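K.L.:
Protein chains in written order, with the working numbering: chain X, 2 to 430; chain S, 9 to 260.
Built from N, CA and C at the ideal position, the CB exists for glycine as well.
All of these numbers come straight from a predicted model, not from anything done at the bench.
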Amino acid sequence: MSLVVDNKSAVTQNLLDQLQKKSSKIAFMPDAEIVSAIRLLEDKGIPNNKHEDYKYCNIEAVLRKEFKSVEQSFNELTNADIAPLKIDEAINLVVVNGVYNEDLSEKMIVKGLTVNSLNQLSSSEKALLCSQAKSDTDALIALNTAFSANGLFLQIDRNNIIPMPLHVIYVNSGHTNIVTNTRSFINVQANAQVTLVESFYNIGSAKVFSNFVSEKFVGENAKLTCHTFQNEGAFSYSVNTNQVKINKYSNYSNTTMTLSGELVRNNHNVVLADSNCEAHLNGLFISNGTQQIDNHTLIDHQMPHCESNELYKGIAKDKSVGTFNGKIFVRKDAQKTNAYQSSKNILMSDDATINTKPQLEIYADDVKCSHGTSTGKIDTEALFYLKARGIGEESARKLLLQAFAQELIDKIEIPSLQERVLHLFEKAL
Amino acid sequence: MISIKNLHASIGDKEILRGINLEVKAGEVHAIMGPNGSGKSTLSSVLAGREDYDVTEGEVIFNGKNLLDLSTEDRAREGLFLAFQYPIEIPGVSNINFLRTALNEIRAYHGQEEMAAKDFLALVKEKSKLVELDAKLASRSVNEGFSGGEKKRNEIFQMAMLNPKLAILDETDSGLDIDALRIVATGVNKLKSKDNATIVITHYQRLLDYIVPDFVHILYKGRIVKSGGKELALEMEAKGYDEIKKEFEIAD
């Protein structure tokens with residue numbers, strides 16, 4: 002199994018040629034990063050299933066099959082398009098085809114909150130950009146860095162608690178097949194707190210390859226609570242990379258709900274860079290048809306007295322494929338680490354597939370780590386019990402699947418979002 | 009109420025029920041006793057519709073319908089209730105939601121409208137008192153973290169809520185201390201009427217002190233080998249099953 006594809010493939014070449022023709026120069030990305038991004042793409046190419054990390058998720062094949070020609074003919078969206086995607090309880094911010102759209106976003110003056118385009122970064126903020134999403138590590142980060150649109154910058158200044166959730170609606174819409182490289186940069190400074198919802202949609206019936214990269218920084222004693230809501234539909238192929246760095250005494254959590262999308266690959270990489278911080282990653286997906294849902298997580302414990310928890314659940318129907326690949330690093334200095342990981346899956350058909358790969362790499366000697374994974378069919382004893390009380394086969398199944406998912410749905414603290422998730426989840430059952 | 013004729017059932021190649029005949033009329037309480045492995049739980053599973061068993065011969069008529077043709081859920085909707093020997097824990101499904109779904113699906117089957125939330129909650133309150141079930145347990149996940157006694161009380165609570173025509177209590181006394189046994193039995197007795205019937209399946213006579221049967225049947229090696237009044241249970245308790253075993257030893 003080779004980790005490196007020696008020469009970039011014709012697919013990568015074709016993509017680069019087309020994107021280079023259509024893209025303007027990116028002024029806000031550090032020049033050196035763009036150079037190294039292009040170099041990595043030239044060397045390695047877009048990963049295919051020969052790449053260990055993309056074994057079950059052949060991005061190259063998707064580009065070859067579905068995105069041979071990329072016109073980059075984008076649709077303009079209006080308030081009427083965005084209105085149904087909003088969350089009432091939140092400040093709604095809108096990013097269209099990778100570009101932060103101030104006109105469609107709600108304007109509200111909140112103390113300590115900065116919302117801006119990436120090209121408005123100050124020089125000190127610019128220095129942080131790409132520091133977590135290094136373009137020499139991953140071809141999709143490189144692709145994003147080289148062709149990033151003018152994405153979103155969010156900052157919570159130190160000592161500020163944002164009283165309502167922030168909701169970023171990332172929406173793509175093409176007239177013909179498009180490739181978007183959406184970028185966001187979220188900086189929660191020391192002692193600040195915020196709840197962030199990131200929703201992903203695709204409007205229209207043109208195919209979209211969405212390559213999203215978000216860098217998130219959580220400062221000392223700060224708290225960032227994230228909900229990721231993915232409902233991009235049957236015409237969407239997306240890779241979503243979160244590169245997160247959290248600091249001393251900080252708390253980061255993310256709950257990812259994947260409800261639709263033909264291919265959804267989530268890379269969630271969290272560095273616990275200092276002591277006494279905690280990270281919680283949760284995920285739920287339900288897949289049907291020929292969907293592929295692939296959750297990759299990397300938790301990097303670098304310093305002592307930190308905690309991480311992961312709980313991922315999936316329900317795979319029809320011929321869909323679900324993957325969970327979770328790696329936990331516990332570095333030499335990360336003594337007294339508590340790291341837990343669990344992945345539970347239900348196969349609803351004989352043609353559905355679940356791949357799971359938990360990995361622990363521990364270099365410290367005084368730690369508590371565990372991982373568990375289970376994949377099975379629906380519990381027939383429980384099913385019989387429900388039916389023996391007069392509940393029909395269909396409703397009994399639904400009750401059990403909902404029960405399976407409930408502890409994750411309960412983690413969504415925003416009522417209208419929880420309702421939206423529940424509604425879509427029930428529809429997908 | 010229910011008429012079982014020459015019922016044979018197997019699991020895999022093993023025949024467990026070898027010709028059961030039993031007639032239960034409305035208003036009656038029947039006890040089925042027998043040593044371990046005699047087929048007591050198989051009988052209740054087959055009647056409730058558990059798919060692990062193959063019925064190879066015989067028929068069961070329940071309220072004029074061929075029970076064996078009905079799905080598990082339709083048997084329940086027709087008024088058959090099985091109190092499980094080992095109630096299943098279902099994390100994430102609340103008792104209330106579970107019962108509301110069950111009750112409304114049964115009502116829909118009979119062409120009745122859904123029960124109003126207010127009436128449903130009043131019913132929950134009334135029926136949970138019957139088995140002294142803590143109101144908090146009603147809102148928890150089905151049987152999750154319940155003690156053995158709480159699980160059995162929850163079975164009877166469900167029975168009270170669904171108001172079946174025929175209740176089969178499968179070893180409901182197993183694992184119960186004397187107080188829980190008394191509560192469960194009192195609950196069952198209060199639910200008894202001239203329109204419904206109860207089959208009590210048990211290994212021990214103890215439960216029958218509280219739920220007094222009209223008829224007692226001894227099941228051995230898949231057949232009812234002896235039937236009688238309530239005194240038969242006492243006789244079994246006194247003599248043990250060894251005598252029955254000797255008397256009715258059937259070559260495999």
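On the criterion of 16 or more Cβ atoms from any shown chain inside 10 Å, does Asp260 of chain S qualify as buried, or is it exposed?
P.N.:
Along the second sequence, read from residue 1 onward, the residue named residue 260 of chain S stands at position 252. Because Asp260 of chain S sits at a pLDDT of 48, beneath the cut-off of 50, its placement in the model cannot be relied upon, and the following sentence gives the value as read from the coordinates. Per the 10 Å Cβ criterion, exposed.
K.L.:
Could you tell me which residues DSSP pairs with Asp295 of chain X in its beta bridges?
P.N.:
Locating residue 295 of chain X in the first sequence gives position 294, where the first residue counts as 1. X:Arg266 and X:Thr324, per the DSSP bridge assignment.
K.L.:
Is it buried or exposed, Asp62 of chain S, if we count other Cβ atoms within 10 angstroms and call 16 or more buried?
P.N.:
Position 54 of the second sequence holds residue 62 of chain S. Flag for Asp62 of chain S reads exposed.
K.L.:
Using beta-carbon positions only, say whether Gln244 of chain X and Glu216 of chain X come within less than 8 Å of one another.
P.N.:
Looking up residue 244 of chain X in the first sequence gives position 243. Looking up residue 216 of chain X in the first sequence gives position 215. Their beta carbons are under 8 Å apart, which means Gln244 of chain X touches Glu216 of chain X by this criterion.
K.L.:
Rounded to whole angstroms, what's the CA-CA distance from Gln403 of chain X to Glu427 of chain X? Just pull it up for me.
P.N.:
By 1-based counting over the first sequence, the position of residue 403 of chain X is 402. By 1-based counting over the first sequence, the position of residue 427 of chain X is 426. Approximately 8 Å between the Cα atoms of the pair.
K.L.:
Return the residue from the list S:Phe106, S:Asp21, S:Ile28 and S:Thr64 that minimises the CA-CA distance to Gly391 of chain X.
P.N.:
Working through the first sequence from its first residue, we reach residue 391 of chain X at position 390. Selected option, being the one with the closest Cα: S:Phe106.
K.L.:
Establish whether the CB of Gln93 of chain S and some CB of chain A are separated by less than 8 Å.
P.N.:
Absent from the structure is chain A; the protein chains it does hold are X and S.
K.L.:
For a contact meaning CB atoms closer than 7 Å, what does Ala56 of chain S contact in chain X?
P.N.:
As a working note, residue 56 of chain S is residue 48 in the second sequence. Result: Ala389.
K.L.:
When the Cβ atoms of the segment 317 to 336 of chain X are set against those of the segment 397 to 414 of chain X, are three or more pairs found closer than 8 Å?
P.N.:
Verdict: no, contact absent.
K.L.:
Return helix, strand or coil for Ser375 of chain X, following the three-state DSSP convention.
P.N.:
Residue 375 of chain X sits at position 374 when you count from the first residue of the first sequence. Correct three-state label for Ser375 of chain X: strand.
K.L.:
So with Cβ pairs under 8 Å, would you call Ser396 of chain X a contact of chain S?
P.N.:
Residue mapping note: residue 396 of chain X aligns to position 395 of the first sequence, counting from 1. Cβ-Cβ to chain S under 8 Å: yes for Ser396 of chain X.
K.L.:
What is the DSSP secondary structure of Val71 of chain X, counted as helix, strand or coil?
P.N.:
The residue given as residue 71 of chain X occupies position 70 in the first sequence. Correct three-state label for Val71 of chain X: coil.
K.L.:
Does Val101 of chain S get closer than 8 Å to chain X when you measure Cβ to Cβ?
P.N.:
For this step, residue 101 of chain S is matched to residue 93 along the second sequence. Val101 of chain S counts as touching chain X.
K.L.:
Tell me the rounded alpha-carbon separation between Thr80 of chain S and Asn74 of chain S.
P.N.:
Locating residue 80 of chain S in the second sequence gives position 72, counting from the first residue. Locating residue 74 of chain S in the second sequence gives position 66, counting from the first residue. So the two alpha carbons sit approximately 13 Å from each other.
K.L.:
Using the beta-carbon of each residue, which ones in chain X are nearer than 9 Å to Ile98 of chain S?
P.N.:
One-based indexing of the second sequence puts residue 98 of chain S at position 90. Under the 9 Å cutoff, chain X gives Asp380, Ala383, Tyr386, Leu387, Leu400, Leu401 and Ala404.
K.L.:
Note down the Cα distance separating Val442 of chain X from Thr177 of chain X, rounded to an integer number of angstroms.
P.N.:
A query on residue 442 of chain X cannot be resolved here, the shown segment of chain X reaching from 2 to 430 and no further.
K.L.:
Would you mind working out which of X:Ser24, X:Cys227, X:Asn93 and X:Gln190 sits nearest Ala280 of chain X, comparing C-alpha positions?
P.N.:
The count along the first sequence starts at 1 and reaches residue 280 of chain X at position 279. The option with the nearest alpha carbon to Ala280 of chain X is X:Cys227.
K.L.:
For Thr80 of chain S, would you say it is in contact with chain X, using Cβ-to-Cβ distances shorter than 8 Å as the test?
P.N.:
Taking the first residue of the second sequence as 1, we reach residue 80 of chain S at position 72. Closer than 8 Å to some Cβ of chain X, the Cβ of Thr80 of chain S qualifies, so yes.
K.L.:
Which of helix, strand or coil does DSSP assign to His52 of chain X?
P.N.:
Residue mapping note: residue 52 of chain X aligns to position 51 of the first sequence, counting from 1. If DSSP states are grouped into helix, strand and coil, His52 of chain X belongs with coil.
K.L.:
Please give me, in chain order, every unbroken run of the beta strand (DSSP E) with length at least 3 that falls completely inside the segment 172 to 215 of chain X.
P.N.:
Correct list: 179 to 189 and 194 to 203.
K.L.:
What does Met258 of chain X pair with, by DSSP beta-bridge criteria?
P.N.:
Along the first sequence, read from residue 1 onward, the residue named residue 258 of chain X stands at position 257. Partner(s): X:Phe230 and X:Leu285.
K.L.:
Suppose you measure from the CA of Glu67 of chain X to the CA of Ala207 of chain X; what does that come to, to the nearest Å?
P.N.:
Here residue 67 of chain X is taken as the residue at index 66 of the first sequence, counted from 1. Here residue 207 of chain X is taken as the residue at index 206 of the first sequence, counted from 1. Near 11 Å, if we compare the C-alpha coordinates of Ala207 of chain X and Glu67 of chain X.
K.L.:
Using a Cβ-Cβ distance under 8 Å, would Leu4 of chain X count as near chain S?
P.N.:
Stepping through the first sequence from its first residue, residue 4 of chain X is reached at position 3. For Leu4 of chain X, the pLDDT reaches just 43, beneath the cut-off of 50, and the residue's location in the model is therefore unreliable, although a value from the coordinates is still provided. Judged by the 8 Å Cβ criterion, Leu4 of chain X is not in contact with chain S.
K.L.:
Does the beta carbon of Ala110 of chain S sit closer than 8 Å to a beta carbon anywhere in chain X?
P.N.:
Within the second sequence, residue 110 of chain S is the residue found at index 102, counting from 1. Taking Cβ atoms only, chain X reaches closer than 8 Å to Ala110 of chain S, which makes this a yes.
K.L.:
Within 10 Å of its beta-carbon, does Leu4 of chain X have 16 or more other beta-carbons around it, so buried, or fewer, so exposed?
P.N.:
Start at 1 with the first residue of the first sequence, and residue 4 of chain X comes out as number 3. With a pLDDT of 43 at Leu4 of chain X, under the threshold of 50, the modelled position of this residue cannot be trusted; read the value that follows with caution. Classification for Leu4 of chain X: exposed.
K.L.:
Below 8 Å, can you find three or more Cβ-Cβ pairs linking the segment 53 to 64 of chain X to the segment 155 to 173 of chain X?
P.N.:
Because the criterion of three Cβ pairs below 8 Å is not met, the segment 53 to 64 of chain X and the segment 155 to 173 of chain X do not touch.
K.L.:
Is Gln244 of chain X close to chain S? Criterion is C-beta to C-beta, closer than 8 Å.
P.N.:
For the purposes of this step, residue 244 of chain X is taken as the residue at position 243 of the first sequence. Not one chain S Cβ lies under 8 Å of Gln244 of chain X.
K.L.:
Quick one: is Gln120 of chain S near chain X, going by C-beta distance under 8 Å?
P.N.:
Here residue 120 of chain S corresponds to residue number 112 of the second sequence, with the count starting at 1. No, Gln120 of chain S does not count as interfacial toward chain X.
K.L.:
Give me the chain S residues within the contact set of Ile392 of chain X, using Cβ-Cβ distance strictly less than 7 Å, ordered along the chain.
P.N.:
Taking the first sequence and counting its residues from 1, one reaches residue 392 of chain X at position 391. By Cβ distance, chain S contributes Glu81, Thr109, Ala110 and Glu113.
K.L.:
At a Cβ threshold of 8 Å, is Ala17 of chain S touching chain X?
P.N.:
For the purposes of this step, residue 17 of chain S is identified with residue 9 of the second sequence, where counting begins at 1. No, no contact with chain X.
K.L.:
Glu420 of chain X CB to nearest chain S CB: under 8 Å?
P.N.:
For this step, residue 420 of chain X is matched to residue 419 along the first sequence. No, Glu420 of chain X lies away from the interface with chain S (no Cβ there is under 8 Å from its Cβ).
K.L.:
Here's the rule: buried if 16 or more other CB atoms are within 10 angstroms of the residue's CB, otherwise exposed. What is Gln360 of chain X?
P.N.:
Counting from 1 along the first sequence, the entry for residue 360 of chain X is found at position 359. Looking at its Cβ environment, which holds fewer than 16 other Cβ atoms inside 10 Å, Gln360 of chain X is exposed.
K.L.:
Using the DSSP secondary-structure output, state which residues sit across from Asn339 of chain X in a beta bridge.
P.N.:
As a working note, residue 339 of chain X is residue 338 in the first sequence. DSSP, once it has assigned bridges, lists X:Glu308 and X:Lys369 as partnering Asn339 of chain X.
K.L.:
Output the boundary residues of the alpha helix (DSSP H) element that contains Gln21 of chain X.
P.N.:
On the first sequence, residue 21 of chain X is found 20 positions in, with the first residue counted as 1. Its alpha helix (DSSP H) spans residues Ala11 to Lys23.
K.L.:
What did DSSP end up calling Leu177 of chain S once you bin it into helix, strand or coil?
P.N.:
Counted from its first residue, the second sequence places residue 177 of chain S at position 169. Leu177 of chain S falls in the strand class under three-state DSSP.
K.L.:
List, in order along the chain, the chain X residues whose C-beta lies closer than 9 Å to that of Ala84 of chain S?
P.N.:
Here residue 84 of chain S is taken as the residue at index 76 of the second sequence, counted from 1. Under the 9 Å cutoff, chain X gives Lys388, Ala389, Arg390, Gly391 and Ile392.
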